[in-house]
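If you want my numbering, it's the 1-based position in the sequence shown plus 23. We put the CB at the ideal spot given by N, CA and C, even for glycine. All remarks here apply to the structure that follows.
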Amino acid sequence: MSRSNFDLRFAVAAGAVVVYDWVLTLGQEIELIWRHTENMPLVSVTDAGCNIMNYTTNGINVVVPAMLGVIMIARLQAMYQGSRNMLIFLVIIFLAVNITGGVIAAIGIKDTVGDARGADTLWHTYVQLCI
């Protein structure tokens, strides 16, 4: 048995042990961690807190698709044997989609900054969305 086969078998066995352990303890994890809400701290969300959550959400909605788009472009260009025409096409589509997404996120941020609802209303809205 060669060294590479041994390493591969060891990695597969280690992964199987981790998955087996996770499957055996999943019910206990759900019971002890995910359904245990008595000791969870309640955080009051003020106007500033809502703005921070909104900025974060809109930022993530712009950055994550851009990162995934770059990975997709690299993979598709490799599939098309490094075709320059395909790369130009993909970059144009990528820029159009991401610029549109950025403009939509900016409009969303602009509209919520001027929203002057009370902290109590924001807190109830946040709680209703989380439940």
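Taking every protein chain shown into account, the CB of L49 has fewer than 16 other CB atoms within 10 angstroms, so this residue is exposed. Distance from N77 to I132 at the Cβ level is roughly 7 Å; contact confirmed, criterion being Cβ atoms closer than 8 Å. Sixteen is the threshold: when 16 or more other Cβ atoms of the shown chains lie within 10 Å of the Cβ of L113, as they do, the residue is buried. Distance check between V120 and each of I83, G92 and M102 places G92 closest, using alpha-carbon atoms only.
The DSSP-derived three-state label of Q100 is helix.
Ranked by Cα distance from I127, the first of Q51, V85, M90 and I75 is V85.
By the neighbour-count definition (other C-beta atoms within 10 Å, threshold 16), N108 is an exposed residue. Here G38 carries a helix assignment [DSSP, helix/strand/coil].
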